[in-house]
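Protein chains in written order, with the numbering used here: chain S, 3 to 170; chain Y, 3 to 170.
In this text, a Cβ means the ideal position worked out from N, Cα and C, and glycines have one as well.
Computed from a predicted structure; not experimentally measured.
2 protein chains.
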Amino acid sequence: MSHHAPAANLGWALGMVLRRWHQRVEHVLGDIPQGTRGFHVLSAVVHQDLPTQAALASHLAIDRTVMTYLIDELEEAGLVERTPDPHDRRARRIVATTRGHKVLVDAERQVADVEEFVFRGLAPEDKATFLELTQRTANLIREEDPATDPCVAVKEVLDLSEGPNSRR
Amino acid sequence: MSHHAPAANLGWALGMVLRRWHQRVEHVLGDIPQGTRGFHVLSAVVHQDLPTQAALASHLAIDRTVMTYLIDELEEAGLVERTPDPHDRRARRIVATTRGHKVLVDAERQVADVEEFVFRGLAPEDKATFLELTQRTANLIREEDPATDPCVAVKEVLDLSEGPNSRR
DNA sequence: TATTGTTATACTCTATAACTATA
DNA sequence: TATAGTTATAGAGTATAACAATA
C-alpha cells in the first residue's frame, strides 16, 4: 500500500487527531457521564473560576440548553452540586463534590495516559511542542472571540469575506 | 477579566481549533455541497488515489452509507462522476469533472486564506510547525490503524486498558 | 427589557440493518 | 460466503423557541 501525497489538509488532520483522542478517552471515562463533555465540564468546574452555568457554557462553547442536562447528569452522578448564588438569585453556582474532585483527578491521570499512547509516535519534544501550540492557538481563538458571542462571530465572518456572498 | 489556569486540556484545545476551522471554512465553500465533508471528499478524489467509494470512506473515516449521499450531492453539483470500474462491476470509480478540479483549486485557495486568518496569532514558524506536527500525527494515526478497521480499533482499546474494564 | 435556567419541539447527523448485484 | 453500493429506519446530538423567575 503506497503512501500517497500527504494531502496537506489541516481540517482532515485535526479531525483525525481529535477523533482518536475522543475514541480513546471515552473508553477511560467510566465514572463520568456524558463522556468527554462531562469530563470537560467537570474539569472547568474544578480548574476554572466559572461559577454559573452560563459562564461554563460560554467557555466550553456548549449551548446553555445542553448545559442543563449535562449538569443534571453530573449532579445525579454525585460529582457536582447546584447551589444558589448569593449575589444573583437567578443563577446557580456549580461546585464539585468531594467525590467529583476525586473522580476528576483519577480521570485526568487516565486521560494523560491515553494522550501518552495516542502521541507515542511523536518524539517527546515534538509532542510537547504540539500540545503547547494547540493550547496557545485555542487560547488565542477564545480571546479573539469575546465570550463566544455569536453576533461578533457573524460580523467577523462577514468582514472576512467582505462581500454579499451570503450563503444559506 | 483574569486569565485563569490554562486548563492544559488537549481535547478542549483541539476542539476549539477545529471548531473555528469548520466555522470559517464552511462560509467559504459555497460551490461545494455538504460543507467541509464535501470538500474533504473532493480533495481526496483529486489528490489521493482512492478510486472506489469504500476506499474514500475508509480514508476519511466516514461511514460508507454516508459516502453514498455525499457523492450523490457532489455528482448533482457536477463536481464528480461515478464511472464503472472495469475490474470490478460492483465498484464505482469516483473521478472529478473538469469543473470539480476548478472548484477544488478555488476552494483550496480560499481555505488557505482562512487558515492564514485563523492562525494569524501564531508566529509564521510556529504556524508551520503546528501544521507539520498535526499532519504527521494524523498520518501516524492512520497508519497504526489499518484501514480504520473497527475490530482492530476495539482490540487496541482493550489492549490499552488491559483488563476486564468493559464499559457499556 | 434583559438574563439565568428549564423544558419541549424540531432538525440534523450518524449508526444500524436490510437489500441488490456482483465477486 | 464476502464485498460494493444503496436505501430505510431509528437513535443520538444539536439548535430553536417558549417559558418562569429574577435582575
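What is the C-beta distance between residue i and residue j, in whole angstroms, given that I count them as a contact (C-beta under 8 Å)?
| i | j | result |
| --- | --- | --- |
| residue 92 (chain Y) | residue 85 (chain Y) | About 14 Å separates the two Cβ atoms, so there is no contact after all. |
| residue 142 (chain Y) | residue 123 (chain S) | 4 Å |
| residue 59 (chain Y) | residue 65 (chain Y) | 7 Å |
| residue 82 (chain S) | residue 47 (chain S) | 6 Å |
| residue 16 (chain Y) | residue 16 (chain S) | 7 Å |
| residue 144 (chain S) | residue 18 (chain Y) | 7 Å |
Bridge partners for residue i per DSSP, in chain order?
| i | result |
| --- | --- |
| residue 83 (chain Y) | Y:97 |
| residue 128 (chain Y) | DSSP, once it has assigned bridges, lists no residue as partnering residue 128 (chain Y). |
| residue 90 (chain Y) | Y:87 |
Relative to the C-alpha of residue i, which residue among the options is closest?
| i | options | result |
| --- | --- | --- |
| residue 50 (chain S) | S:98, S:129, S:87 | S:98 |
| residue 27 (chain S) | S:134, S:16, S:12, S:111 | S:111 |
| residue 101 (chain Y) | Y:10, Y:52, Y:55, Y:44 | Y:44 |
| residue 14 (chain Y) | S:24, S:87, S:15 | S:24 |
| residue 136 (chain S) | Y:71, Y:144, Y:120, Y:67 | Y:120 |
| residue 87 (chain S) | S:52, S:61, S:79 | S:52 |
| residue 139 (chain S) | Y:139, Y:140, Y:144, Y:133 | Y:133 |
| residue 36 (chain S) | S:144, S:70, S:17, S:11 | S:70 |
| residue 11 (chain S) | Y:33, Y:109, Y:128, Y:145 | Y:109 |
| residue 90 (chain S) | S:22, S:80, S:54, S:68 | S:54 |
| residue 34 (chain S) | S:128, S:145, S:80, S:129 | S:80 |
| residue 128 (chain Y) | S:127, S:146, S:131 | S:131 |
* Should the segment 102-110 of chain S be called in touch with the segment 109-127 of chain Y, which here means at least 3 C-beta pairs below 8 Å? -> Result no; under three Cβ-Cβ pairs closer than 8 Å.
* Determine, using beta-carbon pairs with one atom in the segment 31-51 of chain Y and one in the segment 67-78 of chain Y, whether at least three such pairs fall under 8 Å. => The segment 31-51 of chain Y makes contact with the segment 67-78 of chain Y; the number of CB pairs closer than 8 Å reaches 3 or more.
* **Ordered list of alpha helix (DSSP H) runs contained in the segment 5-48 of chain S, each at least 4 residues** => For the segment 5-48 of chain S, the continuous alpha helix (DSSP H) assignments of 4+ residues that do not extend past its boundaries occur at 12-28, in sequence order.
* Asked: Which parts of the segment 46-77 of chain S are runs of the beta strand (DSSP E), unbroken and 3 residues or longer, counting only runs that do not cross its ends?
  -> If we require 3 residues or more, the segment 46-77 of chain S turns out to have no beta strand (DSSP E) run fully inside it.
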